[in-house]
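Here is the structure we will look at.
In this note's numbering, the protein residues as written are 102 to 157.
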């Protein structure tokens with residue numbers, strides 16, 4: 102069965118563009134706080150954000 106997500110953010114940038122990262126994660130958190138589901142897809146340079154502690 103296909104699982105859907107209410108909010109999907111797609112990031113291509115790493116920490117060199119903090120504004121885009123902040124907006125994507127802030128929108129995801131707000132969606133979760135309001136009872137919606139959220140996913141953030143990391144592409145290209147953004148995959149480095151998955152390193153533990155990278156966006157703390």
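From the three backbone atoms N, C-alpha and C, an ideal C-beta is built for every residue, glycine too.
Being a predicted model, the structure only gives us computed values, none of them experimental.
For residue i, which of helix, strand or coil comes out of DSSP?
i: residue 156; result: coil
i: residue 136; result: coil
i: residue 111; result: strand
Which value, in whole angstroms, describes the spacing of the CA atoms of residue i and residue j?
i: residue 107; j: residue 146; result: 24 Å
i: residue 152; j: residue 144; result: 14 Å
i: residue 105; j: residue 135; result: 16 Å
i: residue 140; j: residue 103; result: 14 Å
i: residue 130; j: residue 154; result: 18 Å
Taking the beta carbon of residue i as the centre, do at least 16 other beta carbons fall within 10 Å, making it buried, or is it exposed?
i: residue 118; result: exposed
i: residue 115; result: buried
i: residue 112; result: buried
i: residue 122; result: buried
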